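Enquirer: Per the working numbering, the sequence shown starts with residue 23, numbered consecutively.
Built from N, CA and C at the ideal position, the CB exists for glycine as well.
All values reported here derive from a predicted model rather than from experimental measurement.
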Amino acid sequence: MKEIAGAVLAGGESRRFGSPKAFAKREGTYFFQFSVNALRPFVQEIYIVSHPSLISRFRQVTNEKILLDEEMYRGQGPLAGIYTVMRRTDAEWIFVLPCDMPYIRPDTVGKMVKCIDESFDIIASAHFGRIQPLVGIYNRRTLQEIGQLLNERNNRMLSLFEHCRVRYVNEQDFFEEECVFQNINYRQEYDNYMT
Numbered sequence: 023m024k025e026i027a028g029a030v031l032a033g034g035e036s037r038r039f040g041s042p043k044a045f046a047k048r049e050g051t052y053f054f055q056f057s058v059n060a061l062r063p064f065v066q067e068i069y070i071v072s073h074p075s076l077i078s079r080f081r082q083v084t085n086e087k088i089l090l091d092e093e094m095y096r097g098q099g100p101l102a103g104i105y106t107v108m109r110r111t112d113a114e115w116i117f118v119l120p121c122d123m124p125y126i127r128p129d130t131v132g133k134m135v136k137c138i139d140e141s142f143d144i145i146a147s148a149h150f151g152r153i154q155p156l157v158g159i160y161n162r163r164t165l166q167e168i169g170q171l172l173n174e175r176n177n178r179m180l181s182l183f184e185h186c187r188v189r190y191v192n193e194q195d196f197f198e199e200e201c202v203f204q205n206i207n208y209r210q211e212y213d214n215y216m217t
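Following this line, the structure appears as structure tokens:
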């Protein structure tokens, strides 16, 4: 198996949620830690890409590598985060997870890792009819295409998919409960899921 780095994207401002989602808790564990724990058995290194206002807070609670987006692309969303990690690691593949999936599990990550195929540039979740670009594995050969999109200020993840060979994996490839892929975006969702 080729070397894989993990990337937890925690750079959003969580406006809809009202406070940093990465530090919301489920059963006493920070949301971002579920992503870190899910990645850890399958990757050689883990990076958390965050917002400047959260760097010190992350450093107080984790020993993972904390990054800010490359300065020239700061504020350009998940593509900038993936680009930043690719520039920091020599790993051939980057397994990306968001910081707000508190039901993500190591076995889910392991099943996706088994779907890596060198004839594709991206392995992405499309479970339950939803393409989830932030539950995906990106080959570093996409770096140039990501950089070009960022230079054009085209921050849409699916714009990258249009230029790459993508393998979509879903419940036909391996079964998972729908809640595993649930993002928590709003405080009401948090209240509904966590209580």
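Please check the pair Val-107 and Leu-119, which I expect to be a contact at CB under 8 angstroms, by giving their CB distance rounded to whole angstroms.
Expert: Contact doesn't hold; Cβ gap of about 12 angstroms is too wide.
Enquirer: Alpha carbon to alpha carbon, how far is Lys-133 from Arg-79? Give it in angstroms, no decimals.
Expert: Roughly 32 angstroms separates the two Cα atoms.
Enquirer: Please report the distance separating the alpha-carbon of Val-191 from that of Glu-199.
Expert: 14 angstroms
Enquirer: Which of helix, strand or coil does DSSP assign to Ser-78?
Expert: The three-state reading of DSSP puts Ser-78 in helix, counting H, G and I together.
Enquirer: Could you tell me the distance, in whole angstroms, from the CA atom of Gly-151 to the CA atom of Val-135?
Expert: 20 angstroms
Enquirer: If you follow the alpha helix (DSSP H) that Tyr-105 is in, where does it begin and where does it stop?
Expert: 100 to 110 is the extent of the alpha helix (DSSP H) around Tyr-105.
Enquirer: Under the rule that 16 or more other beta-carbon atoms within 10 Å means buried, what is His-185, buried or exposed?
Expert: Burial call: exposed.
Enquirer: Please report the straight-line C-alpha distance between Asp-143 and Ile-26, rounded to a whole angstrom.
Expert: 14 angstroms
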